[in-house]
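Residue numbers (my numbering): 217 to 387.
Built from N, CA and C at the ideal position, the CB exists for glycine as well.
All of these numbers come straight from a predicted model, not from anything done at the bench.
Quick look at the structure:
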């Protein structure tokens, strides 16, 4: 379990890592500078080195990117979280704000572009990547760091792809 600690006058927030025993991986968090617990490491590698030996095993490394372009949705701009499509046979099989296209549920543009920025979670063997998300408040795409797994559909490889899909002229 992580503990962000307490705020104290002489310390500033710092990015640190904790071992998520449920997921079996090391995750980032912002440490407040004082107190907290011992599940706190300066680097992801230090966390992995310490906790692999304690837990007996670490989560298997991911092979390549767990995200795939939404090519089945005829929208090769945004990414499908963890490469998992939901299969369908009709519109009624899909969640709200999704359409059944080529046998898979595809999120509608309005849904994709309205989702908040989501950094996802760290995955062993995958470095964080610069990505772009559409910020509805500012009506523009903004850069963020994507950690490798999970997250949401509002995750584009380039600024140009993000603006082409979500930009003001497309609304």
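1. Between which two residues does the alpha helix (DSSP H) harbouring residue 300 extend?
2. Helix, strand or coil: how does DSSP classify residue 323 here?
3. Does residue 314 have its Cβ less than 8 Å from a Cβ in chain E?
4. Is it right to say residue 271 is buried, meaning 16 or more other beta carbons lie within 10 angstroms of its own, or is it exposed?
5. Looking at residue 228: is its Cβ nearer than 8 Å to the Cβ of residue 249?
6. Give the single residue among 339, 362, 323 whose Cα lies nearest to the Cα of residue 312.
7. Looking at C-alpha atoms only, which residue of 223, 244, 230 is the closest neighbour of residue 338?
8. Can you tell me whether residue 261 is helix, strand or coil according to DSSP?
9. For residue 328, write down the residues that DSSP places opposite it in a beta bridge.
10. Per DSSP, residue 245 forms a beta bridge with which residues?
11. For residue 302 and residue 224, what's the separation of their Cα atoms in angstroms?
Let me lay it out:
1. Neither: residue 300 is in no alpha helix (DSSP H) and is coded neither H nor E.
2. strand
3. This model lacks chain E altogether, as it is built from one protein chain only.
4. Summary for residue 271: the model assigns pLDDT 39, below 50, so the residue's position carries little reliability, and this model does not support an answer.
5. yes
6. 323
7. 244
8. helix
9. According to DSSP, residue 328 bridges with nothing at all.
10. 232
11. 47 Å
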